[in-house]
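S.K.: My questions will all concern the structure given below.
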Amino acid sequence: MSVLAMSNIQKSFGSNHVLKDITFHVDKGEVVSIIGPSGSGKSTLLRCATFLETIDSGTIRYDDRNAAETVNGKAVYAKNLNDFRHIFGLVFQNFNLFPHFSVLKNMMDAPVSVLHRNKEEVREECMALLAKMDLAGKADAYPCELSGGQQQRVSIVRALAMKPEILFFDEPTSALDPELTGEVLKVIKQLADEKMTMVIVTHEMPFARAVSDRVVFMDKGVVVEQGKPEELFGQTQNERTKQFLQNYSNT
Amino acid sequence: MTLLNIILKMAEGLEKTCAIFFLTLLFAIPLGMIVALLRGSKFKIISAIARVYISVLRGTPLMLQLIAVTYGPYYLFGISISRNKLIPVVIAFTINYAAYFAEIYRSGIDSMPIGQYEAAQVLGYSKIQTFFKIILPQVIRRILPSLTNEIVTLVKDTSMAFTVSYQEMFTIGKQIANSQTSFVPFVVTGVFYYVFNAVVGFVMGRVEKKMSYYKI
Amino acid sequence: MKKRVIALVLAALIAALTFSLAGCGTAKTPSTDAETSGQSAIEGSIKFTMGIDPEYPPFSYLGDDGDYTGFDVEICKAACDYLGWDFNVFAVNWDQKLIQLDNKECDCVWSGMTILDSMKEAGYVISRPYFDNEQVLLVKADSGFKSSADLAGKDVAVQLGTSGESLLNDDLKDLADIFGNVVTCDSFLKCFTELEGNAVDAVFVDRPVADSYVAEHDGYVIIDEDLGAEQYGIAFRSGDTELCAQIESAVDALVENGTYAEIATKYTDIDEGNLILLK
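Chains as they are written, first to last, in our numbering: chain C, 1 to 251; chain D, 252 to 467; chain G, 468 to 746.
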């Protein structure tokens, strides 16, 4: 069963046609990496999936329910979009932690004040999550007191605290110093091992290859090719994919 | 009149100065926020009205506004001038300061990174929750220095209430100066305002320090 | 950085002290030096600036043509014409008038000004009195107030810096105490506005000003009760005795040649019986 199914997605910013009839789905327990050059539309696709951008037309379905559909050529969103938001979590490139909240409050606040869950229960879960991520000592720290890698790990556990069915990562290591990317990738790998459903937009090719069940290559607003990582990275027949991967390994 | 007598007499005026100061803050701080939010409204007409409000109140002298609020209703509609001058004085100060506060709030709200809104949205916060839990606390932290500036100015501006015959500290200072043909009461007045502002500065400094537990 | 702050604070304090001492002291310092006394000779003609309260009809006010006029203004102008001096008017802030005089913003204060002992004590040169004045209470005709006793517990407006205000603080303190509130306004027009708009019940004011107001506005009466007899005069800086004498003799000449009486007849609100020089 698909957790997320997007079909025939069109999105333009003014005259810039960013997504051209994209169809994309993610199955339960699947880890999908989206790769592609800058401006290929991969981040926009993620932002459309998380409702940060509105699509021009197409269909977005979560758990076989329509979050957005197209009526008379125009996208119409469901009234209860917030119910859909509880299905996914998003990890931003630049963390977007709430600087005035402690680490624990960053994690606990949404489950308590949005999902109206029991505070003590949430606290226990969050402390357990922090312990698992090697952040137990940082519960009372403020984001400004953490390294970039720690901040990104906190933003991952903040998303996990909402117990999403699917977790999106928008270039999670791009804002980090190279020596800090490892700890973040390790966490994502750990989640992949636990069969967390994930979509990762990334430039870390070796990582995408190692962690993904499926890799999607996008260029100029279309999905050029997708498949198992070993197929796509190892023996692609597509010229554009080849060229992209070649450029990448050269740099 | 001894210096002590002068100080005691001025202290009576201080009470009225404090009344203007605290009541103005009490009303102008929330009113300014409402104006700032209206100014940022998606409805062009509402935002235009808020813009005009801000531009008129910032573009005309406070003294004129005081006179307009105090005497305007009488000249325009024949409504009796209030015997308790504190009412028109506080109204005039509130609408004037709300305009300045609104601009400060707006600059603070505009300076918030879009990522904070996006993170809140993805986590499912409602618009109201986002504003009060995520945005406003950070905005206050950002605008505190400019707010302090404005509040210090307010302390000094209270002296303008003398134009509508409200017997605040400055008016009393002038009265004593006249009857004594002496400059000493003005020096005392200056010291009173200075001390008042020193207290304001100290309190705001403490608040700023208290809020600086995190870096922006 | 810290040192600089301390230095600045010290400098500010010293400046404030000097200023305050100067404010108290200049009144006693004779300024006999003609060069600095404000009446500097400009190509042979002497420039003379009279200080007035611009909102004090009928003695001094802004005329319909936009120039300052009034009884005092016209007399001063005629005196300057007689002396061949260059005549100027400067509108003072009434409650700061003596400081402004000391500061040489004007050469005299001549604007229905009541002679107070405190002025003489402070060393100002005061001309001989030219007008007998009294303080009266102006009320609305329909208010039913007939005497000052009726105003017990009521609010009374007075202009800041006038003799009326000092009387209420001093000789007429007993009267002030029966009033509910004494409201000080920064001009007489504001006092009258407050009365018009029912914010006060009476205005404590010089008789001619009250007369002038009653003549121009319906529905106001003066409570017939002399509350404080006093006289108007002209104030000069201490040491300007000669200047005072020159002005006095010029005014005498105006009385002599009839100009004084001629100007007086133009101001019907001014009771000729009160003009001392015409007696």
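No residue lacks a Cβ here, since even glycine has one placed at the ideal position from N, Cα and C. Remember, it's a predicted structure, so these values are computed and weren't measured experimentally.
For the candidate residues G:K514, G:I513, G:S512, G:G518, whose alpha-carbon lies nearest to that of G:I701?
M.R.: The candidate whose alpha carbon is nearest that of G:I701 is G:G518.
S.K.: Can you find a CB in chain G that lies within less than 8 Å of the CB of D:K267?
M.R.: D:K267 does not count as touching chain G.
S.K.: Under the rule that 16 or more other beta-carbon atoms within 10 Å means buried, what is C:T241, buried or exposed?
M.R.: Result: buried.
S.K.: Along chain D, in chain order, which residues have C-beta atoms closer than 7 Å to that of C:H86?
M.R.: The contacting residues are G375.
S.K.: Below 7 Å on C-beta distance, what does D:T414 contact in chain G?
M.R.: Result: D653.
S.K.: Consider the Cβ of C:C144: report whether some Cβ of chain D lies at a distance smaller than 8 Å.
M.R.: Interface residue, yes.
S.K.: Inspect the beta-carbon positions of G:G620 and G:G647 and report whether they are closer than 8 Å.
M.R.: Cβ distance < 8 Å, so G:G620 and G:G647 count as in contact.
S.K.: Just the C-alpha distance for C:F84 and C:E239, rounded to the nearest angstrom, thanks.
M.R.: Distance between the alpha carbons of C:F84 and C:E239 is about 38 Å.
S.K.: Just verifying my parser: in three-state terms, what is the DSSP assignment at C:V3?
M.R.: Looking at C:V3 - three-state DSSP - the assignment turns out to be strand.
S.K.: Below 9 Å on C-beta distance, what does G:D562 contact in chain D?
M.R.: Within chain D, the residues near G:D562 are K425, Q426, A428, N429.
S.K.: Would you report the Cα separation of G:I730 and G:E541, rounded to the nearest angstrom?
M.R.: Cα to Cα, the separation comes out at about 7 Å.
S.K.: Please name the residue in G:V670, G:V576, G:L642 whose C-alpha comes closest to that of G:L627.
M.R.: Cα-wise, what sits closest to G:L627 is G:V670.
S.K.: What is the rounded straight-line gap between the Cα of D:T381 and the Cα of C:S43?
M.R.: In a straight line, the C-alpha of D:T381 is about 24 Å away from that of C:S43.
S.K.: Are the Cβ atoms of C:S2 and C:H25 separated by less than 8 Å?
M.R.: Yes. Within cutoff.
S.K.: Looking at C-beta atoms only, is the number of pairs between the stretch 277-294 of chain D and the stretch 347-363 of chain D that lie closer than 8 Å three or more?
M.R.: At 8 Å Cβ cutoff, the stretches touch.
S.K.: Within 8 Å (strictly less), CB to CB, does C:T236 reach chain D?
M.R.: With 8 Å as the cut-off, C:T236 does not count as an interface residue toward chain D.
S.K.: Do C:T173 and C:L160 come within 8 Å of each other at the CB atom, strictly closer than that value?
M.R.: It is not a contact, given that the beta carbons lie outside the stated cut-off.
S.K.: Report the start-end ranges of each alpha helix (DSSP H) in the stretch 61-132 of chain C that is 4 residues or longer and not cut off at the edges.
M.R.: The qualifying runs are 81-85, 103-113, 119-132.
S.K.: Using a Cβ-Cβ distance under 8 Å, would D:E369 count as near chain C?
M.R.: Answer yes: the Cβ-Cβ gap between D:E369 and chain C drops below 8 Å somewhere.
S.K.: Compare the C-alpha of G:E601 against each of G:N560, G:D678, G:G706, G:I714 and name the closest.
M.R.: Of the listed residues, the one whose Cα sits closest to G:E601 is G:D678.
S.K.: Using the rule of at least 16 other Cβ atoms within 10 Å of the residue's Cβ for burial, across every protein chain shown, is G:T735 buried or exposed?
M.R.: Answer is exposed; the Cβ neighbour count stays below 16.
S.K.: What are the partner residues of G:K514, as DSSP defines its beta bridges?
M.R.: G:K514 is bridged to G:D553.
S.K.: Quick one: list the residues of chain D neighbouring G:K571, beta-carbon separation under 9 Å, in chain order.
M.R.: The premise fails here: G:K571 is roughly 17 Å from chain D at the closest Cβ pair, so nothing lies under 9 Å.
S.K.: Could you list which residues in chain D have their beta carbon closer than 9 Å to that of C:V199, in chain order?
M.R.: Ordered by position in chain D, no residue passes the 9 Å Cβ test against C:V199, which lies about 14 Å from the chain.
S.K.: CB D:V340 to CB D:V458, shorter than 8 Å?
M.R.: No.
S.K.: Distance check for C:P37 and C:E231, CA to CA, integer angstroms please.
M.R.: Rounded to whole angstroms, C:E231 to C:P37 spans 19 Å at the Cα level.
S.K.: So for D:T253, helix, strand or coil by DSSP?
M.R.: Three-state result, D:T253: coil.
S.K.: On the DSSP bridge assignment, give the partners of C:L19 in chain order.
M.R.: DSSP, once it has assigned bridges, lists C:K11 as partnering C:L19.
S.K.: Residue ranges of each alpha helix (DSSP H) run of no fewer than 4 residues wholly in the stretch 204-245 of chain C, ordered along the chain?
M.R.: If we require 4 residues or more, the alpha helix (DSSP H) runs fully inside the stretch 204-245 of chain C come out as 205-211.
S.K.: Whole angstroms are fine: how far does the CA of D:V446 sit from the CA of C:L146?
M.R.: Cα to Cα, the separation comes out at about 41 Å.
S.K.: Please state whether the Cβ-Cβ distance between D:K267 and D:E419 is less than 8 Å.
M.R.: Yes, the pair counts as a contact, with Cβ atoms nearer than the cut-off.
S.K.: Should C:F98 be flagged as near chain D, meaning a C-beta pair shorter than 8 Å?
M.R.: It does; some Cβ of chain D falls within 8 Å.
S.K.: With a threshold of 16 other CB atoms inside 10 Å of the CB of G:R595, please say whether the residue is buried or exposed.
M.R.: Looking at its Cβ environment, which holds fewer than 16 other Cβ atoms inside 10 Å, G:R595 is exposed.
S.K.: Among the candidates G:F538, G:D653, G:C573, whose CA atom is the shortest distance from the CA of G:L742?
M.R.: Checking every option, the nearest Cα to that of G:L742 belongs to G:F538.
S.K.: Whose Cβ in chain C lies nearer than 9 Å to the Cβ of D:K460?
M.R.: The contacting residues do not exist; D:K460 stays about 15 Å from chain C at best.
S.K.: Following the continuous beta strand (DSSP E) through G:E601, name the residue where it begins and the one where it ends.
M.R.: G:E601 -> beta strand (DSSP E) spans 598-607.
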